[in-house]
Structure formats: C-alpha cells, structure tokens
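In what follows, a single structure is set out as structure tokens and then discussed.
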Amino acid sequence: PVTVESTAALCARHADASAVATCARCGSFLCGECLELLGESAFCAPCVSLRRSEGPASRAAWGALWLGVMGLVVLP
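What follows is the structure, encoded as structure tokens:
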C-alpha cells in the first residue's frame, strides 16, 4: 500500500480541521469555526480582540502623519 501524506494546511487550534483561510494579522491557519471576518479580512479570535482594543487611529496620530508628509513635500 502507498501512503500519501496530505499537504493541506490544518487549523492552528483544531489539528483535525483543514484550514480555509489565514489570519490577516498573524498569519495563523484558520478553519471555518475559528474564522472571524472584519470587513473583508479574516482574523483569528486573539487578533480580533487586539484589533478591537486598539480601536481606530486617533485624530492626533493622523495629524502627526499629515505633518510628517507635508514636511517631506515642503522642505526639499
């Protein structure tokens, strides 16, 4: 008998389940049970928690980014 090993990726949390996606943040393999969609991207539960706790970028962060870009455009 010939044994063929599967090369399919397996879920990081459920070793008996085939992966259907990878986490957009950490890259871990996800099965359908572990998959969580935010927008059009797939995430694992720990990364969803991190994303939600980080929240959207603050107005101050966007202002600092804008000033940095403007400094590069105006100063040279």
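Residue numbers (the working numbering): 87 to 162. We put the beta carbon where it would ideally sit given N, CA and C, even for glycine.
Per-residue DSSP class, three states only, for residue i
i	result
Leu161	coil
Local Cβ density within 10 Å of residue i, reported as buried at 16 or more and exposed below that
i	result
Leu116	buried
Ala146	exposed
Cys112	exposed
Residue i versus the options, residue with shortest Cα-Cα distance
i	options	result
Val106	Arg138, Gly149, Gly118	Gly118
* Asked: For the region 95 to 143, which segments carrying the beta strand (DSSP E) assignment without a break, of at least 3 residues, lie completely within its bounds, in sequence order?
  -> Counting whole runs of 3 or more residues, the region 95 to 143 contains the beta strand (DSSP E) stretches 122 to 124, 127 to 129.
* Asked: Is it a yes or a no for the region 153 to 162 touching the region 128 to 135, going by three-plus beta-carbon pairs under 8 Å?
  -> Flag = no, the region 153 to 162 and the region 128 to 135 do not touch.
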